[in-house]
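> If you number the sequence shown the way the numbering used here does, the last residue is 624 and the count never jumps.
Cβ coordinates follow ideal geometry from the N, Cα and C atoms, glycine included.
Next up is a structure, given as structure tokens.
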Amino acid sequence: MNTKTTEYLAMVRNKTGFSDYKIAKEYDINQSNLSKYSSGKAALSETHAWLFANILDIDPAVVVANTKYEHAINTDNNSKAKFWQQQLNKIFSESEPIQIQIAQFNPIVGDIKSNAQKMLNLIQEANDSGAHLIVFPELALTGYPPEDLLYRESFIEQVNEEIEYLCKSVPSNISVLFGAPQKTNDLLFNSAICIQHNLISHIYNKQELPNYGVFDEKRYFTAGNESLVFECQQTKIGVLICEDQWIDGPISRLCQSNVDIVISINASPFQSEKQQERLDICQKYAKHFEVTFIYVNMVGGQDEVVFDGSSFVVNQNGDVTLQLPEFEELCSMHSASIESYKPINKEASIYSALVLATRDYIRKNSFGGALIGLSGGIDSALTLAVAVDAIGSENVHAVMMPYEFTSNMSLEDSALQARNQGVEFSNIDIHSMVDSFNNSLDALFGNAKVDSTEENIQARVRGTLLMALSNKHHKIVLATGNKSEMAVGYATLYGDMCGGFAPLKDISKTMVYKLSNYRNSISEVIPERVITRPPSAELAPNQEDQDTLPSYDVLDDILMRFVELKESVDKITEQGHSLEVVNKVTSMILRNEYKRRQSAPGPKISSNAFGRERRYPMTSKFQP
Numbered sequence: 001m002n003t004k005t006t007e008y009l010a011m012v013r014n015k016t017g018f019s020d021y022k023i024a025k026e027y028d029i030n031q032s033n034l035s036k037y038s039s040g041k042a043a044l045s046e047t048h049a050w051l052f053a054n055i056l057d058i059d060p061a062v063v064v065a066n067t068k069y070e071h072a073i074n075t076d077n078n079s080k081a082k083f084w085q086q087q088l089n090k091i092f093s094e095s096e097p098i099q100i101q102i103a104q105f106n107p108i109v110g111d112i113k114s115n116a117q118k119m120l121n122l123i124q125e126a127n128d129s130g131a132h133l134i135v136f137p138e139l140a141l142t143g144y145p146p147e148d149l150l151y152r153e154s155f156i157e158q159v160n161e162e163i164e165y166l167c168k169s170v171p172s173n174i175s176v177l178f179g180a181p182q183k184t185n186d187l188l189f190n191s192a193i194c195i196q197h198n199l200i201s202h203i204y205n206k207q208e209l210p211n212y213g214v215f216d217e218k219r220y221f222t223a224g225n226e227s228l229v230f231e232c233q234q235t236k237i238g239v240l241i242c243e244d245q246w247i248d249g250p251i252s253r254l255c256q257s258n259v260d261i262v263i264s265i266n267a268s269p270f271q272s273e274k275q276q277e278r279l280d281i282c283q284k285y286a287k288h289f290e291v292t293f294i295y296v297n298m299v300g301g302q303d304e305v306v307f308d309g310s311s312f313v314v315n316q317n318g319d320v321t322l323q324l325p326e327f328e329e330l331c332s333m334h335s336a337s338i339e340s341y342k343p344i345n346k347e348a349s350i351y352s353a354l355v356l357a358t359r360d361y362i363r364k365n366s367f368g369g370a371l372i373g374l375s376g377g378i379d380s381a382l383t384l385a386v387a388v389d390a391i392g393s394e395n396v397h398a399v400m401m402p403y404e405f406t407s408n409m410s411l412e413d414s415a416l417q418a419r420n421q422g423v424e425f426s427n428i429d430i431h432s433m434v435d436s437f438n439n440s441l442d443a444l445f446g447n448a449k450v451d452s453t454e455e456n457i458q459a460r461v462r463g464t465l466l467m468a469l470s471n472k473h474h475k476i477v478l479a480t481g482n483k484s485e486m487a488v489g490y491a492t493l494y495g496d497m498c499g500g501f502a503p504l505k506d507i508s509k510t511m512v513y514k515l516s517n518y519r520n521s522i523s524e525v526i527p528e529r530v531i532t533r534p535p536s537a538e539l540a541p542n543q544e545d546q547d548t549l550p551s552y553d554v555l556d557d558i559l560m561r562f563v564e565l566k567e568s569v570d571k572i573t574e575q576g577h578s579l580e581v582v583n584k585v586t587s588m589i590l591r592n593e594y595k596r597r598q599s600a601p602g603p604k605i606s607s608n609a610f611g612r613e614r615r616y617p618m619t620s621k622f623q624p
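Right, here's the structure in full:
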């Protein structure tokens, strides 16, 4: 509604690639008149309104009515302005309501050509289904986050080539909104690109650049400073990009233009129970500004983050009218009918995140399958379940590597789970290998007493065997350690920490038990004894984890408070924890940073995950 002459002229320039001089010459427009159009001093004549409508392939009645309205405003003719506004309203009310397709999209970072082709396929399907506009997530064309790929000139060149390809290939009667980096005057922007009538009609540059947690956008991008409103099917649509919606400024400025719909394109990583926060903020804005709010999110795993999708639409009353599922790549049409919103429970959501993150890491990196050291303990049992659900039993190989401290229970339960899940299962006795190491080191160890050194040799033999199988069969080793163990260093560097990906890296031990019970509620694949027995590394006689660590319910509460909530020792002890235990745990957390720096990547689940998100010095004298 109320598109101005200057905007129509800009659209003609974009579509034709002509300068004003060439437009005047090509279409027989007086140069003086064109100058007035360009400066906004005059509205299009009716003849030129029809001409521009024809060039742009849009409804002439709309262009003429907008031209007449603009002329009336310029000449302070209120009665004519009111008349032509009524005509515009009539045209819009009689037009078909806008149909918007939401593309919950899973790109591969850096695979720009394939991402573009995949987008085009979805665009064509949306066009065939009658959509007027299809919306893709933030940086859909490149994947998120592209990190230092953005510094490569050839990367940006490929982006521009594929945008040009999309402009040429998109059906002319559908509009497309998607995220891509854009470079202007040596400044790089995180942008939303709008293609209409086979040309780039609008570009919006993200205004709020997150620089916390897993985000590092100020390293690469320059912040934009202008809002974007475009029209599609006589509907005024405002655009935001992810962080923009969490700050009042961008949306407040945007809604001053009396938009009908706000679309926010996102690459928002999964975090347990974060979806409600997204809904709350969007419902607030929808009701306050009386707009429809469309939230479009990326889906898929990318290294240490996993995107959950969970896209939705909120109407002016704050009602959820469309809710897309978590962790599924799909398209859905926004409509006026209210669909029931049924969130899955916490454990189901986290488990689905682990499955998707594992699947995408393996598939996007072209591994031939997965290898897991199956110990008979709950961590490796859950990792095996995740792996099978991610890539199928035929692609998973479980390896049991017993030594003299391995119980019969562990042997039996490992074999049982392997049968339950239909995976290849191998049993490699490591007695001779461990004994060979110990015998070779006897003279060098002297009379030193047996300690964790001998325990670690067992773990490192197992790690070596798994990595050898990985090399030979081109399968990735999935590390089985959980967040609780990684926090306090209860893991062997170059031993059980070996692996290319760690699905449980951000999962506490207590959550491991909950997820195992959840998975068994679907089908019982993890033997019950694995869940109910006391946890043990089985590296020494009659060993249990609680010989070295506090009980996991105590440890995990301290861990959550110290790592995720960043509480002080004093504040944690106020919650009833022993000062001695808190000091011991926090000290272990801080001094084991060097181990975590060498650990495999794993998906972020919590509000503060080890790795990309939580960055502490390895060398530090800080006392909490």
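Counting only the same chain and skipping the five closest in sequence on each side, list residues whose C-beta sits under 8 Å from that of TYR104.
For the purposes of this step, residue 104 is identified with residue 104 of the sequence shown, where counting begins at 1. Per the sequence shown, residue 104 should be read as Gln rather than Tyr. Cβ neighbours of GLN104 beyond the five flanking positions: PRO137, VAL296, ASN297, MET298, VAL299, GLY309, SER311, LEU324, GLU328, GLU329, LEU330, CYS331, SER332.
> Relative to the C-alpha of VAL170, which candidate in PRO145, LEU120, ASN345 has its C-alpha closest?
Here residue 170 refers to the residue found at position 170 when the sequence shown is read from its first residue. Out of PRO145, LEU120, ASN345, LEU120 has the C-alpha closest to the C-alpha of VAL170.
> Taking only runs of the alpha helix (DSSP H) that begin and end inside the stretch 373 to 426, which ones reach a length of at least 4 residues, in chain order?
Runs of the alpha helix (DSSP H) inside the stretch 373 to 426: 378 to 391, 408 to 421.
> Is the beta carbon of LYS364 sitting closer than 9 Å to the one on GLY301?
As a working mapping, residue 364 is identified with position 364 in the sequence shown. As a working mapping, residue 301 is identified with position 301 in the sequence shown. Yes, these two residues count as a Cβ contact at 9 Å.
> Quick one: grab the DSSP three-state call for VAL450.
Translated into the one-based positions of the sequence shown, residue 450 becomes position 450. In this structure, VAL450 counts as coil in the three-state DSSP scheme.
> Excluding sequence positions up to five away, which residues of its chain have a Cβ less than 7 Å from the Cβ of SER393?
For the purposes of this step, residue 393 is identified with residue 393 of the sequence shown, where counting begins at 1. Within the same chain, SER393 has close Cβ partners GLN421, GLY422, VAL423.
> Check for me: the beta strand (DSSP E) holding CYS232 runs from which residue to which?
Counted from its first residue, the sequence shown places residue 232 at position 232. Element bounds for CYS232: 229 to 232.
> Does the Cβ of THR619 have 16 or more other Cβ atoms within 10 Å, making it buried, or fewer, making it exposed?
As a position in the sequence shown, residue 619 is number 619, starting the count at 1. Exposed: under 16 other Cβ atoms inside 10 Å.
> Report the rounded CA-to-CA distance for LEU322 versus PRO601, giving the unit in angstroms.
Walking along the sequence shown from the start, residue 322 turns up at place 322. Walking along the sequence shown from the start, residue 601 turns up at place 601. Going from the Cα of LEU322 to the Cα of PRO601 covers about 34 Å.
> Output the boundary residues of the beta strand (DSSP E) element that contains LEU133.
As a working note, residue 133 is residue 133 in the sequence shown. Per DSSP, LEU133 belongs to the beta strand (DSSP E) from 133 to 135.
> Out of ILE174, ASP248, ILE247, ILE29, state which residue places its alpha-carbon closest to the alpha-carbon of GLN233.
Against the sequence shown, residue 233 aligns to sequence position 233. Nearest option by C-alpha distance: ILE174.
> By the three-class DSSP mapping on this structure, what secondary structure does VAL291 have?
Taking the sequence shown and counting its residues from 1, the one referred to as residue 291 is at position 291. Correct three-state label for VAL291: coil.
> Could you check where the beta strand (DSSP E) with ASN74 kicks off and where it finishes?
Indexing the sequence shown from 1 puts residue 74 at position 74. Segment 60 to 74 is the alpha helix (DSSP H) holding ASN74; no beta strand (DSSP E) there.
> Just to confirm, are LEU478 and PRO503 a CB contact at a threshold of 9 Å?
As a first step, residue 478 is located in the sequence shown; it is residue number 478 there, counting from the start. As a first step, residue 503 is located in the sequence shown; it is residue number 503 there, counting from the start. Yes.
> Let's see if you can read the secondary structure: which residues bound the beta strand (DSSP E) around ILE241?
Here residue 241 corresponds to residue number 241 of the sequence shown, with the count starting at 1. Its beta strand (DSSP E) spans residues 235 to 241.
> When the Cα atoms are used, what is the spatial distance from MET497 to GLY481?
Residue 497 sits at position 497 when you count from the first residue of the sequence shown. Residue 481 sits at position 481 when you count from the first residue of the sequence shown. Their Cα atoms are separated by approximately 7 Å.
> Return the residue from the list LYS22, ILE23, HIS71, ASP28 that minimises the CA-CA distance to SER45.
Residue 45 sits at position 45 when you count from the first residue of the sequence shown. If we check each option's Cα against that of SER45, HIS71 comes out closest.
> Does ASP244 pass the burial test, meaning 16 or more other C-beta atoms within 10 Å, or should it be called exposed?
In the sequence shown, counting from the first residue as 1, residue 244 sits at position 244. Flag for ASP244 reads buried.
> Quick one: what's got a C-beta closer than 6 Å to PRO550's C-beta in the same chain, skipping five residues either side?
Here residue 550 refers to the residue found at position 550 when the sequence shown is read from its first residue. Cβ neighbours of PRO550 beyond the five flanking positions: VAL581.
> State the Cα-Cα distance for the pair THR6 and PHE155, rounded to the nearest angstrom.
Here residue 6 is taken as the residue at index 6 of the sequence shown, counted from 1. Here residue 155 is taken as the residue at index 155 of the sequence shown, counted from 1. Answer to the nearest angstrom: the Cα atoms are 33 Å apart.
> In its own chain, which residues sit with a C-beta less than 7 Å from the C-beta of TYR594, not counting the 5 before and 5 after it?
On the sequence shown, position 594 is the one that residue 594 refers to. Answer for TYR594: MET618, listed in chain order.
> Going along the chain, which residues of its own chain have a beta-carbon closer than 7 Å to the beta-carbon of ARG460, five neighbours each way excluded?
Taking the first residue of the sequence shown as position 1, residue 460 is located at position 460. Taken in chain order, the residues that qualify are THR492, TYR494, GLY495.
> So is the beta-carbon of ALA72 under 8 Å away from any non-hydrogen atom of the ligand MN?
For the ligand MN, the structure offers nothing, since it holds no ligand at all.
> How many angstroms separate the CA atom of LEU555 from the CA atom of VAL450?
The count along the sequence shown starts at 1 and reaches residue 555 at position 555. The count along the sequence shown starts at 1 and reaches residue 450 at position 450. Whole-angstrom Cα-Cα distance: 27 Å.
> May I ask you to verify whether the stretch 76 to 83 touches the stretch 139 to 151, counting CB pairs closer than 8 Å and requiring at least 3?
In short, these stretches do not touch, since the Cβ pair count stays below three.
> Where does MET119 fall in DSSP's three states?
Along the sequence shown, read from residue 1 onward, the residue named residue 119 stands at position 119. Correct three-state label for MET119: helix.
> So what's PHE183 in DSSP terms, helix, strand or just coil?
Translated into positions along the sequence shown, residue 183 becomes position 183. As written in the sequence, residue 183 is Lys, which differs from the Phe given in the question. Looking at LYS183 - three-state DSSP - the assignment turns out to be strand.
> Need the endpoints of the beta strand (DSSP E) that LEU199 sits in, please.
Locating residue 199 in the sequence shown gives position 199, counting from the first residue. Segment 199 to 205, the beta strand (DSSP E) holding LEU199.
> Return the CA-CA distance between TYR220 and VAL239, expressed in angstroms with no decimal places.
By one-based count along the sequence shown, residue 220 stands at place 220. By one-based count along the sequence shown, residue 239 stands at place 239. Spanning the two alpha carbons is a distance of roughly 21 Å.
> According to DSSP, is MET486 part of a helix, a strand, or is it coil?
Here residue 486 is taken as the residue at index 486 of the sequence shown, counted from 1. Correct three-state label for MET486: helix.
> Can you tell me where the alpha helix (DSSP H) holding MET588 begins and where it ends?
Taking the first residue of the sequence shown as 1, we reach residue 588 at position 588. It spans 579 to 591 - the alpha helix (DSSP H) in which MET588 sits, taken as one unbroken run.
> Examine chain D for any beta-carbon lying closer than 9 Å to the beta-carbon of GLY300, and answer yes or no.
This model lacks chain D altogether; it includes just one protein chain.
> My output table needs one value for PRO146: the three-state DSSP class, helix, strand or coil.
For the purposes of this step, residue 146 is identified with residue 146 of the sequence shown, where counting begins at 1. Coil, per DSSP.
> Tell whether a beta-carbon distance below 9 Å holds between LYS236 and ILE195.
To locate residue 236, count along the sequence shown from 1; it is residue 236. To locate residue 195, count along the sequence shown from 1; it is residue 195. No; because the gap between Cβ atoms is not below 9 Å, this pair is not in contact.
> Determine, using beta-carbon pairs with one atom in the stretch 391 to 410 and one in the stretch 513 to 525, whether at least three such pairs fall under 8 Å.
At 8 Å Cβ cutoff, the stretches do not touch.
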